[in-house]
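In the numbering used here, the protein residues as written are 273 to 367.
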């Protein structure tokens, strides 16, 4: 019974950070040399992120699409690509 209790507590503690993340859409703009994310924007002129968000920034798994059609699908941390991901340019070439 003690082992079961320890396992349940471990699962709860390890899954706790997952509850803090939400999923949504953010738009990216460059203001005074800094990247700024907004909840509303223009698909034709601004980059658009769809995925996990934490504290108003991409954080977790997501997709970013630039206005020219270039797309990055992968991991983000603190608003920037971080970890594994794939960038696909509008001509279909990938990196």
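Note that CB positions come from ideal geometry on N, CA and C, so glycine has one too.
Just so we're clear, the structure is a prediction, and the values are computed from it rather than from any experiment.
Q. Roughly how many angstroms separate the alpha carbons of residue 324 and residue 338, rounded to a whole number?
A. On the chain shown, position 52 is the one that residue 324 refers to. On the chain shown, position 66 is the one that residue 338 refers to. Computed Cα separation, rounded: 18 Å.
Q: Using 10 angstroms around the beta-carbon of residue 304, count the other beta-carbons present and answer buried if the total reaches 16, otherwise exposed.
A: As a first step, residue 304 is located in the chain shown; it is residue number 32 there, counting from the start. Looking at its Cβ environment, which holds fewer than 16 other Cβ atoms inside 10 Å, residue 304 is exposed.
Q | Cut-off 7 Å between Cβ atoms - residues of its own chain near residue 328, not counting five sequence neighbours on either side | A | Start at 1 with the first residue of the chain shown, and residue 328 comes out as number 56. Here the set comprises 309.
Q | Environment of residue 367 [buried if 16+ CB atoms lie within 10 Å] | A | Against the chain shown, residue 367 aligns to sequence position 95. Burial call: exposed.
Q) Does the pairing of the segment 311 to 320 with the segment 344 to 363 give three or more beta-carbon distances under 8 Å? A) Taking 8 Å as the limit for Cβ pairs, the verdict is that the segment 344 to 363 does not touch the segment 311 to 320.
**Q.** C-alpha distance - residue 215 paired with residue 365, whole-angstrom precision
**A.** With the chain running from 273 to 367 in the structure shown, residue 215 is simply not present.
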